[in-house]
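Visitor: Residue numbers (our numbering): 654 to 1027. Using N, Cα and C, we set each Cβ at its ideal position, and we do this for glycine too. Provided herewith is a single structure, encoded as C-alpha cells, for subsequent inquiry.
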C-alpha cells in the first residue's frame, strides 16, 4: 500500500515538473518574442531616421553645388548603426509636384525603411514680389500715367528698375504630357489658328506650333464673361483676339486653371515659351475691360493693341497678378499705356507659380512632400 502511495507521489511530482517546464518554456518563448519585437521596433525607427539622414545629406550636397542626374546615388554607414542608399530621380512622378524627388532607403540589421521626398529645383525670390518683372528692368512701354498697385509689398515693388535674371517655367512640366489637352498645329504652316471651344474652359492646354510660327488664338465662340483657362505655347508670336462678343460693354475676367495632372496646381493664365510677342487685340471691344487674373509669363514680350478701330469710349486691359517678361521689347502698354493697369493681388513670393526655376537659388524641399513606404 505504501509502495503504491510512493509511486503516485512520484507521478504527481513528474506531472508538476512537466507543467512547470512547459510554463517556463512558454514564458521564455514569450520573453524572447517580445525582446525580438522590441528590437525590430527599435530598428525600424533607426532605419527611418537613417533614411532621413540620407535625404538631408543629398539636399545639403545640392545646395552646395553638387549636380545629380537621374539615378545617381549616395551611400554611407551611419556610426556603425546602419546604412542609407539615397537616389535622385527626375522628373518627379511622385505626385507631389516637384522638379525631382529623392528616394532613400535606411537599413538597420535586417530591417529597411524607404522614404520619398519631393524637391523643387529653384526657390522663391524677390522676382515674385513685383507687378511687372523683366530682364531689362523698367516700365516696358507702359506710359508714366498708367496705374500700378502692389497691396502686398508697396511702391518699391511695382517694377524692377535694373537688369535681372528672370525665373522661367520648368520644361519638365510645361509640356504636352503635363497638360490636360494637347493640340498639335506644327504641320499647319507659319500662321496656324486655334479656336477656343467651351469645352476648353477650366483646362490647361498646350498648343504646339512650328518654332517660328505666329499663332492666332480666337475666342469668338466663347460668350462667358468669366472663365478659367491656362494656355501654354511654343509659338514665336501669339495673337489673341475676339475675347469679347461684338458690342459687349462689360468686364471679362480670364483666370488661370487648375491642372488635374499636377495636383490641381493653378497654372499661369498664359505661358508663352516663344521668343517674340503675345498680342491682345482689342478690336470691336466697346468700353470693355479685360482682366487677366493670375500669373503671366513670356520668354518674349506682351503687347496690348488697343487702337485698331479707335472706338470711343475705349476698352482697357488690367493685369491682376504678376507679369514676367524674359525679353521685353517695350510694347506692353500698347499705343495708349494709360489703358493698362497692373494690380499685384496675389502674394507669389510666398506662393510662387508651380514649377518655376529661379536661376542661382538653392533647392528646397516642398512643404508636405514627405512619404514613407513600409
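Compute the Euclidean distance between the alpha carbons of residue 706 and residue 1004, then round it to the nearest angstrom.
Guide: Taking the straight line joining both Cα atoms gives about 28 Å.
Visitor: If we ignore side chains and look at the alpha-carbon of each, how far apart do residue 941 and residue 906 end up?
Guide: C-alpha separation (whole angstroms): 11 Å.
Visitor: Given a cut-off of 8 Å, decide if residue 980 and residue 998 are closer than it, judged by their beta-carbon atoms.
Guide: No, they are not a contact pair.
Visitor: Among all the DSSP beta bridges, which residues are the ones paired with residue 736?
Guide: The partner list for residue 736 (beta bridge, DSSP) reads 730, 760.
Visitor: Give me the Cβ distance between residue 819 and residue 788, rounded to the nearest whole Å; I'm assuming they're in contact under 8 Å.
Guide: About 5 Å; that satisfies the 8 Å criterion.
Visitor: Can you find at least 3 beta carbon pairs, one from the region 692-708 and one from the region 750-765, that sit closer than 8 Å?
Guide: Counting Cβ pairs under 8 Å, three or more are found: they touch.
Visitor: Output the distance between the C-alpha atoms of residue 928 and residue 825, rounded to the nearest integer angstrom.
Guide: Answer to the nearest angstrom: the Cα atoms are 19 Å apart.
Visitor: Residue 861: buried (16+ other C-beta within 10 angstroms of its C-beta) or exposed?
Guide: Looking at its Cβ environment, which holds 16 or more other Cβ atoms inside 10 Å, residue 861 is buried.
Visitor: Taking the C-alpha atoms as reference points, what is the distance between residue 792 and residue 992?
Guide: In a straight line, the C-alpha of residue 792 is about 14 Å away from that of residue 992.
Visitor: Alpha carbon to alpha carbon, how far is residue 770 from residue 948?
Guide: If you take the alpha carbons of residue 770 and residue 948, they lie about 27 Å apart.
Visitor: Report the residue from 882, 908, 958, 983 whose alpha carbon sits nearest the alpha carbon of residue 892.
Guide: The shortest C-alpha separation from residue 892 is found at 958.
Visitor: Where does the unbroken beta strand (DSSP E) through residue 925 begin, and where does it stop?
Guide: Its beta strand (DSSP E) spans residues 923-925.
Visitor: If we define contact as Cβ-Cβ less than 8 Å, is residue 840 a contact residue for chain D?
Guide: No chain D is present in this structure, which holds just one protein chain.
Visitor: If you draw a straight line from the C-alpha of residue 877 to the C-alpha of residue 799, how long is it?
Guide: If you take the alpha carbons of residue 877 and residue 799, they lie about 28 Å apart.
Visitor: So residue 836 is in the beta strand (DSSP E); what residue range does that whole segment cover?
Guide: Where residue 836 is concerned, the enclosing beta strand (DSSP E) stretches over 834-837.
Visitor: Going by beta carbon distance, what residues of the same chain come within less than 6 Å of residue 810, once the five residues before and after it are set aside?
Guide: Taken in chain order, the residues that qualify are 782, 783, 803.
Visitor: Is it the case that the Cβ atoms of residue 850 and residue 913 are separated by a distance below 8 Å?
Guide: Cβ distance not < 8 Å, so residue 850 and residue 913 don't count as in contact.
Visitor: Specify the secondary structure class of residue 1009 as computed by DSSP and reduced to three states.
Guide: Here residue 1009 sits in strand by DSSP.
Visitor: CA-CA distance, residue 691 and residue 762?
Guide: Cα-Cα distance, rounded: 13 Å.
Visitor: With DSSP run on the structure shown, which of helix, strand or coil describes residue 885?
Guide: Reduced to three states, the DSSP call for residue 885 is strand.
Visitor: Check for me: the beta strand (DSSP E) holding residue 967 runs from which residue to which?
Guide: Careful: residue 967 lies outside any beta strand (DSSP E) and carries neither H nor E.
Visitor: Nearest CA to the CA of residue 954: which residue from 970, 976, 943, 968?
Guide: Out of 970, 976, 943, 968, 976 has the C-alpha closest to the C-alpha of residue 954.
Visitor: To which residues does DSSP link residue 707 through a beta bridge?
Guide: Partner(s): none; residue 707 has no beta bridge.
Visitor: Since residue 827 is in the beta strand (DSSP E), which residue starts that stretch and which ends it?
Guide: No beta strand (DSSP E) holds residue 827; DSSP gives it neither H nor E.
Visitor: Kindly indicate the opening and closing residues of the beta strand (DSSP E) around residue 850.
Guide: That residue, residue 850, is in no beta strand (DSSP E); it is neither H nor E in DSSP.
Visitor: Let me know the secondary structure DSSP gives residue 792 once reduced to three states.
Guide: Coil.
Visitor: Helix, strand or coil: how does DSSP classify residue 873 here?
Guide: DSSP places residue 873 in coil when its eight states are reduced to three.
Visitor: Under the assumption that residue 984 contacts residue 930 (Cβ atoms under 8 Å), give the Cβ distance between them as a whole number of angstroms.
Guide: At roughly 6 Å, the Cβ-Cβ gap stays under 8 Å, so residue 984 and residue 930 are in contact.
Visitor: Would you mind sorting residue 867 into buried or exposed? The rule is 16 or more other CB atoms within 10 Å of its CB.
Guide: Result: buried.
Visitor: Would you kindly work out how many angstroms separate the C-alpha atoms of residue 879 and residue 790, rounded to a whole number?
Guide: Spanning the two alpha carbons is a distance of roughly 32 Å.
Visitor: First and last residue of the beta strand (DSSP E) that includes residue 1028?
Guide: No answer is possible for residue 1028: it lies beyond the span of the chain, which begins at 654 and ends at 1027.
Visitor: Pop quiz: residue 909 and residue 897 are said to be a contact at Cβ under 8 Å. What is the actual Cβ separation, rounded to whole angstroms?
Guide: The Cβ separation is near 19 Å, so there is no contact.
Visitor: Give me the DSSP bridge partner(s) of residue 766.
Guide: Residue 766 is bridged to 759.
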